[in-house]
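K.L.:
Anchor point for the sequence shown: position 90 equals 332 in this note's numbering, and the numbering is continuous, going up by one each time.
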Amino acid sequence: MEQAGTAPEQKQWDPFEPTLGLRHREISHMLEILSNPQAPKSSKIKALQLLTEVIPGRQHEADMLGIFDILRPFLMQNPNGLLLNALVVFNSLINTKDLAVKLLEDVPRIVELVHPDIEKPIRTEAARLLRSVAEYVGPEVPFQSGSVPSQLVAAVASRDCDTDFLLEGFRLLSRLTNKQNIRVPLIDNSDFLLALVRSFSNIKLRESAFILASNIAMDPSHRGKIALLNAEILPAIQPYLTSEDESVRLSALSLLCLLAVPKDGKQMIATDPNMPEVISNIISKDTSEECKKAANELRLLVTEHPIGKAIMGGYEN
Numbered sequence: 243m244e245q246a247g248t249a250p251e252q253k254q255w256d257p258f259e260p261t262l263g264l265r266h267r268e269i270s271h272m273l274e275i276l277s278n279p280q281a282p283k284s285s286k287i288k289a290l291q292l293l294t295e296v297i298p299g300r301q302h303e304a305d306m307l308g309i310f311d312i313l314r315p316f317l318m319q320n321p322n323g324l325l326l327n328a329l330v331v332f333n334s335l336i337n338t339k340d341l342a343v344k345l346l347e348d349v350p351r352i353v354e355l356v357h358p359d360i361e362k363p364i365r366t367e368a369a370r371l372l373r374s375v376a377e378y379v380g381p382e383v384p385f386q387s388g389s390v391p392s393q394l395v396a397a398v399a400s401r402d403c404d405t406d407f408l409l410e411g412f413r414l415l416s417r418l419t420n421k422q423n424i425r426v427p428l429i430d431n432s433d434f435l436l437a438l439v440r441s442f443s444n445i446k447l448r449e450s451a452f453i454l455a456s457n458i459a460m461d462p463s464h465r466g467k468i469a470l471l472n473a474e475i476l477p478a479i480q481p482y483l484t485s486e487d488e489s490v491r492l493s494a495l496s497l498l499c500l501l502a503v504p505k506d507g508k509q510m511i512a513t514d515p516n517m518p519e520v521i522s523n524i525i526s527k528d529t530s531e532e533c534k535k536a537a538n539e540l541r542l543l544v545t546e547h548p549i550g551k552a553i554m555g556g557y558e559n
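Below is the structure:
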């Protein structure tokens with residue numbers, strides 16, 4: 243029985259609770275919790291989640307407080323909540339080239355996290371982070387070295403990819419395909435080419451698919467163009483020649499102009515059952531002068547081939 247006059251027992255304050263106290267919105271407080279080996283996992287996850295909320299607009303402050311050195315060990319975690327939330331924080335942190343450069347040394351580890359066997363939320367956040375870094379720094383050495391190129395291609399070529407992951411993967415690869423170390427594995431991977439061609443029918447992926455396919459088709463050796471043609475890209479993009487969206491029609495025409503450079507492309511376009519007539523209609527009837535110009539350039543490329551000249555030579559501008 244409690245003695246009279248005894249003060250009620252007070253609840254002890256948890257120093258590792260990120261959401262309590264006057265400092266709960268301070269980046270330094272969250273980083274203290276994350277760097278303390280005695281802090282429980284649940285508190286560290288809360289700290290990471292709160293960091294994601296408060297970092298936007300305060301990236302420079304977080305950098306000055308040493309956030310990269312504190313968060314970097316979390317990238318080495320086995321797939322779990324700490325790893326996932328650390329990736330989310332990094333995605334909210336990288337908003338300049340200077341910050342992106344600081345993650346270049348971690349690219350090989352982050353690439354490991356897009357492996358098809360990794361849980362989808364972690365894969366997608368890792369792909370988003372790689373894409374963000376690549377957009378700021380371009381195809382730097384870590385993206386081209388060792389097994390990184392083949393790992394990236396294998397990840398995007400996996401049949402287990404969902405739309406969100408493919409979107410990040412396509413955007414990432416589009417930033418890197420001007421380097422042969424990345425482009426060659428893409429061209430040589432039939433599963434990837436199939437995934438790319440199929441993605442044109444997905445409205446969320448279409449724009450990124452056009453950009454990535456066009457970058458691959460810019461391969462000066464024409465291997466990229468031939469690989470796309472052999473993957474049956476023409477039937478996949480033909481419907482967009484008659485799209486109501488001018489930008490979509492122009493994207494399709496621009497890609498076809500690249501594919502029409504090698505003789506195989508000229509012949510395949512010329513002998514397609516519908517494409518010559520569709521191109522002719524664009525030249526004569528399209529409401530967009532840009533589309534008309536692109537279609538006429540395509541016609542001129544195709545007519546450089548004897549079969550193309552016989553079939554499309556009569557279509558005048």
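We put the CB at the ideal spot given by N, CA and C, even for glycine.
#1: Could you work out which residue in Ile525, Leu324, Leu540 and Arg300 is closest to Leu276 when comparing CA atoms only?
#2: Take Asp514 and list the residues in its own chain whose beta-carbon comes closer than 7 Å to its own, dropping the five residues that flank it on each side.
#3: Do you know offhand how far Glu474's Cα is from Pro381's?
#4: Using CA atoms only, rank isn't needed, just tell me which of Asn420, Phe412, Met272 and Pro279 is closest to Leu293.
#5: Measuring CA to CA, which of Lys535, Asp461 and Met554 is closest to Leu500?
#6: Can you say whether Gly388 is buried or exposed, counting buried as having 16 or more other CB atoms within 10 angstroms of its CB?
#7: Since Tyr378 is in the alpha helix (DSSP H), which residue starts that stretch and which ends it?
#8: In this structure, does DSSP put Met306 in helix, strand or coil?
#9: For Asp487 and Asp404, what's the separation of their Cα atoms in angstroms?
#10: To which residues of the same chain is Ser530 closer than 8 Å at the C-beta, ignoring the five residues directly before and after it?
#11: For Ala376, which of Pro363, Leu394, Glu361 and Ile364 has the nearest alpha-carbon?
#12: Looking at the unbroken alpha helix (DSSP H) that takes in Glu354, where does it start and where does it end?
#13: Would Ala536 pass as a contact of Leu497 if the rule is Cβ separation under 7 Å?
P.N.:
So, to answer that:
#1: Within the sequence shown, the letter at position 34 stands for residue 276. Closest by alpha carbon: Leu324.
#2: Walking along the sequence shown from the start, residue 514 turns up at place 272. Excluding sequence positions up to five before and after Asp514, its CB lies within less than 7 Å of the CB of Leu476, all in the same chain and listed in chain order.
#3: Taking the first residue of the sequence shown as 1, we reach residue 474 at position 232. Taking the first residue of the sequence shown as 1, we reach residue 381 at position 139. Distance from the CA of Glu474 to the CA of Pro381, rounded to the nearest whole angstrom, comes to 28 Å.
#4: As a position in the sequence shown, residue 293 is number 51, starting the count at 1. Taking Leu293 as reference, the option from Asn420, Phe412, Met272 and Pro279 with the minimal CA-CA separation is Met272.
#5: Along the sequence shown, one-based indexing puts residue 500 at 258. The option with the nearest alpha carbon to Leu500 is Asp461.
#6: On the sequence shown, position 146 is the one that residue 388 refers to. Gly388 is exposed by the Cβ-count criterion.
#7: In the sequence shown, residue 378 corresponds to position 136, counting from 1. Its alpha helix (DSSP H) spans residues Lys362 to Val379.
#8: As a working note, residue 306 is residue 64 in the sequence shown. Residue state for Met306 is assigned as helix, using DSSP reduced to three classes.
#9: What you label residue 487 is simply residue 245 of the sequence shown in a count that begins at 1. What you label residue 404 is simply residue 162 of the sequence shown in a count that begins at 1. Between the alpha carbons of Asp487 and Asp404 lies a distance of about 26 Å.
#10: Looking up residue 530 in the sequence shown gives position 288. Only Glu488, Arg491 and Leu492 meet the Cβ criterion.
#11: Your numbering for residue 376 matches position 134 in the sequence shown. When only C-alpha atoms are compared, the closest one is Leu394.
#12: Your numbering for residue 354 matches position 112 in the sequence shown. Glu354 -> alpha helix (DSSP H) spans Val349 to Glu354.
#13: The residue you call residue 536 lines up with position 294 of the sequence shown. The residue you call residue 497 lines up with position 255 of the sequence shown. Against a cut-off of 7 Å, the Cβ pair of Leu497 and Ala536 comes out as no contact.
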